[in-house]
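Residue numbering for the sequence shown follows our numbering, starting at 108 and increasing by one per position.
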Amino acid sequence: MAGVLLCRDKRGAGSRGSGLALRSSTGHLAGKRRDPPMTLIDDAASVRENAYAPYSGFKVGAALRSASGNVFVGCNVENVAYPEGT
């Protein structure tokens with residue numbers, strides 16, 4: 108893995124913006140070693156719009172660039188689950 112970028116958005120609780128969590132494959136914050144390509148930030152922010160978070164209101168988008176240069180994106184999807192026996 109060459110690098111990971113998470114783009115999150117917490118609605119409510121006075122938070123109106125998005126926060127970025129950056130991590131590189133070396134374990135250092137990507138911003139400290141080198142800035143991540145803006146395309147990863149854009150990709151993570153874009154796919155975050157597909158997140159389904161009706162319960163927490165906490166949408167997350169992620170973009171990952173592999174060592175070969177391929178970009179993979181994903182987002183969170185919440186699901187109600189009730190423990191067996193309740």
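All C-beta atoms in this analysis are idealised placements derived from N, C-alpha and C, irrespective of residue type, glycine included.
Just to confirm, are residue i and residue j a CB contact at a threshold of 7 Å?
i    : j    : result
V184 : Y159 : yes
G168 : A151 : yes
L147 : A174 : no
Of the residues the options, which one's Cα is nearest the Cα of residue i?
i    : options          : result
K166 : R172, V178, R155 : R155
N157 : G181, M145, G176 : G181
In terms of DSSP beta bridges, what is residue i paired with?
i    : result
Y189 : Answer by DSSP bridge pairing: none, since Y189 is not bridged.
Y159 : V184
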